[in-house]
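Residue numbers (the working numbering), protein chains in the order written: chain A, 1 to 627; chain B, 1 to 306.
Structure (structure tokens):
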């Protein structure tokens, strides 16, 4: 019923690492929740069910805990219902997660032959005899990626994550998405093992798309938690890029490179857990003090909330993949695995991997821009609203939760070799070659890439040299005894005020304008001009809202088609009796005519004649006069 | 080892001279009386004697960020390809780490811009974020391409390999990568088609806008960081894309390297005199060109092997 191999244990460790700081944070947050018992019950069941998913050893247990996880998280989103949008978001989440569940169920029903309590090894036997393995692969993709939030099934994330209480958003984004990644690892390795090349390419493409789409929509967002949720899409994309590269290398026979890529994906999974939980906790602390999720209402919080600001900064550096943070190390590994694609002989594949490299590099650049925006607008400058002015540091428990999580982020950076050795063991358990000795051939100082002539990075040396040089300079600045005077900011003779600062919308302005073809934003610009002068105005109001393209294309068009069909069904169902008679007459006419067309020799003249008769009959009898 | 440290100190010392040299060359070309090439040192000395004025709106970020802007760049200088034969060098650090360190420096510079609560800082940070987001992919692809030709992802070793076995058979992709890297050199250092380092006009400012509120020692640190960034890019260009001269004995090799740096500076000065600054929303076209050349270089390398 349960199994505890290294892969399961790694994910158990991931859940526990994320949960311990979260428990502190959650108990600090508890006094502000009205339905305490409801919250606590679902919160602990949620954690328990995630642990259950990663240790379950047969389909029935897996599906049970999976569904429990979905239901408890759905209830947790509904903890604090203050606005109608929460209910809408929860409904959307419920729908999406069960959309995925259906495909998982289909997958399991096929690979278990209906006997849901056989082990994963037996499933592999049945799956290898199944005639359409790609269909199984797509069932898995739809099932797990709708939970993990990869394109095009990512649309629920920016709605559901912001509505949940902050500790829950931290858990959902930090851990629940990773449980879906666990599912990918478990079932692709254990059940569907020999992978065709196309599967890896599919995952690589989805990953590259998700990373770009996630970061682009994060940039256009002013709701801080929705921004972080969009970054989860991006990071899931990065994990999938590593995963896809691993599958491609495995299929092509580069076993060592394949293990390296999978380790990179696992490492990024851990890193994303750490920094995304921390970001959600810090954002939650800010939200808790200012009572708004709108970034335009923050500003200057670093003075009132130094601990929150510091932890947010650590996480922001890490998520932007800046050296020597842990986020940088895992992204470095993924880059190295993609750069090793020059060994591949298939030229078209090699060329297409270039585009994935481009997507990942572009994502890195945009993520930096996005986190400068998130950090700068939230914590720096002057307060933009009264709530931000009177904000103060959150309570001790919440603070200690954030600080603990910051330690986990830092530990992932300091103890990289230890973690990588562990991930290596998991992959050996899944039947892959061991690469630890190749990544760290000469001690823990240098981290090598596996590819021939690959690069090397030395995280600890980088960290110490950066710290050393910075501290040396600061020390000499102190010794130098520079006189310091405090004065107003210079703003061309005007006084600086909260209103003259850059806004989040303004900060992302150039990028939004460049990607206008993608965003197609709704802009509302109202200004009261003075005496008809275009450039002189007494007041102006600018509002911009970006609705994700995927939502417009996939989701709204589906809604529109269904609406259209149901409208006609409705029309049909509410005819009068006379109309029904007319309809029956018309259908009989059509049957007769089409019988004649098919059974006799075809002639255009009779066909046109009959067509006209049909149309006239429909017009007169069915549609009638326009009233 | 001594040569290694000497070359780093030399590069750091030559950095302010290079920027002053560009300015002097431009002034000569515009029939003005040129400034001395040691103007950079004079400015530095002047700023070091001034008191630091800190804006009252700022926070701890302004106190620490200037050091964090400079230190990643100093660390990067230790990873550059060697300028003399046989000297010690850090062979293994790859392009992605170098790009990351430069981004780290830019990250803190952008935060610095937003810290002073003035609209100028915001303008600068916002534009810098826009430009550096587009520079990143071109940078990674270009350096990937050159390291493929050199047969090593480590930048130091790549420089040596290129100097020892110049990839004549890959001349086409080498040239494409060179063009792309030169555009990046201009973009990352805020030279004219992208940003005008000499004006204080809000229409054109990028780098200057972010540091408008700094003074005294902090300004000196940021100015040093700007000049070191230029020398990093110039010496990467000199070692990777003009890879000769290293095989001579140490003094001659160093002289050749310095000559290459001044050649690049002259090129930049000529370009600055002859082009107008681009509008902000035209900049993606230029950077797109860099991305296209980087792709072309890689595709030529893979498909044609040329």
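Beta carbons are placed, not taken as given, at the ideal position from N, Cα and C, and that holds for glycine.
Quantities reported herein were computed from a predicted structural model and do not represent experimental measurements.
request  = Would you kindly work out how many angstroms separate the C-alpha atoms of residue 12(A) and residue 19(A), rounded to a whole number?
outcome  = 10 Å
request  = Could you say which of 584(A), 466(A) and 103(A) lies nearest to residue 618(A) if we only look at CA atoms?
outcome  = 584(A)
query = How is residue 444(A) classed by DSSP in three states: helix, strand or coil?
reply = coil
request  = Give a yes or no on whether the minimum CB-CB distance between residue 508(A) and chain B is below 9 Å.
outcome  = yes
ask   = With residue 181(A) and residue 241(A) assumed to form a contact (beta carbons below 8 Å), what rounded beta-carbon distance in angstroms separates them?
value = Between residue 241(A) and residue 181(A) the Cβ distance is about 13 Å, and since that is not below 8 Å, they are no contact.
request  = Compare the C-beta of residue 235(A) with all C-beta atoms of chain B and state if any pair is closer than 9 Å.
outcome  = no
Per DSSP, cross-strand counterpart(s) of residue 55(B) = 487(A)
ask   = Is DSSP giving residue 75(A) helix, strand or coil here?
value = helix
ask   = When you check each C-beta in the segment 138 to 152 of chain B against every C-beta of chain A, which residues fall closer than 7 Å?
value = 140, 141, 144, 148, 151 and 152
query = So, are the CB atoms of residue 622(A) and residue 582(A) less than 9 Å apart?
reply = yes
ask   = Would DSSP call residue 432(A) helix, strand or coil?
value = coil
Where residue 197(B) meets chain A, residues with beta-carbon distance less than 7 Å = Those within 7 Å of residue 197(B) in chain A number zero; the least Cβ separation is about 19 Å.
message = Strictly below 7 Å CB to CB, what residues from chain B border residue 513(A)?
response = 281
task = Return the CA-CA distance between residue 60(A) and residue 116(A), expressed in angstroms with no decimal places.
result = 5 Å
request  = With DSSP as the reference, label residue 529(A) as helix, strand or coil.
outcome  = strand
task = Put residue 215(B) into one of helix, strand or coil per three-state DSSP.
result = coil
key: Partner residues on chain B for residue 628(A), Cβ-Cβ distance less than 7 Å   = Here chain A has residues from 1 to 627 only, and residue 628(A) is not among them.
request  = Give the single residue among 159(A), 462(A), 378(A) and 399(A) whose Cα lies nearest to the Cα of residue 111(B).
outcome  = 378(A)
inquiry  = So for residue 400(A), helix, strand or coil by DSSP?
reply    = helix
query = Going straight from the alpha carbon of residue 544(A) to that of residue 526(A), what length do you get?
reply = 12 Å
inquiry  = Can you confirm whether the segment 212 to 219 of chain B touches the segment 41 to 53 of chain B when touching is taken to mean that 3 or more C-beta pairs between the two stretches lie within less than 8 Å?
reply    = yes
request  = Could you name the residues of the same chain whose beta carbon sits closer than 8 Å to that of residue 287(A), not counting the 5 residues immediately before and after it, in chain order?
outcome  = 166, 224, 225 and 293
task = Identify the continuous beta strand (DSSP E) that holds residue 667(A) and give its terminal residues.
result = Absent from the structure is residue 667(A), since the part of chain A shown begins at 1 and ends at 627.
request  = State the DSSP-derived secondary structure class of residue 494(A), mapped to helix, strand or coil.
outcome  = strand
query = Is DSSP giving residue 118(A) helix, strand or coil here?
reply = coil
query = When you check each C-beta in the segment 55 to 70 of chain B against every C-beta of chain A, which residues fall closer than 8 Å?
reply = 55, 56, 57, 58, 59, 60, 61, 64, 67, 68 and 70
inquiry  = Give me, in chain order, the residues of the same chain whose beta-carbon lies closer than 7 Å to that of residue 129(B); leave out the 5 immediate sequence neighbours on both sides.
reply    = 110
request  = Name the residue from 290(B), 240(B), 243(B) and 207(B) whose alpha carbon lies nearest to the alpha carbon of residue 227(B).
outcome  = 207(B)
task = Identify each residue in the segment 16 to 46 of chain B for which the Cβ-Cβ distance to at least one residue of chain A is less than 7 Å, and report them in chain order.
result = none
query = Taking residue 460(A) as the reference, which of 396(A), 414(A) and 15(A) has the closest Cα?
reply = 414(A)
task = Would you list the one or two residues that DSSP bridges to residue 2(A)?
result = 56(A)
key: Nearest-angstrom Cβ-Cβ length linking residue 398(A) and residue 531(A), presumed shorter than 8 Å   = With 8 Å as the limit, residue 398(A) and residue 531(A) do not qualify as a contact, their Cβ atoms being about 53 Å apart.
task = Could you spell out where the alpha helix (DSSP H) holding residue 508(A) opens and where it closes?
result = Careful: residue 508(A) lies outside any alpha helix (DSSP H) and carries neither H nor E.
task = Could you pull out every residue in the same chain whose Cβ sits closer than 6 Å to the Cβ of residue 97(A), ignoring the five residues on either side in sequence?
result = 70
Residue 223(A), DSSP secondary structure in three states = strand
ask   = Which ranges does the beta strand (DSSP E) cover as unbroken runs of at least 3 residues, wholly within the segment 13 to 42 of chain A, from first to last along the chain?
value = none
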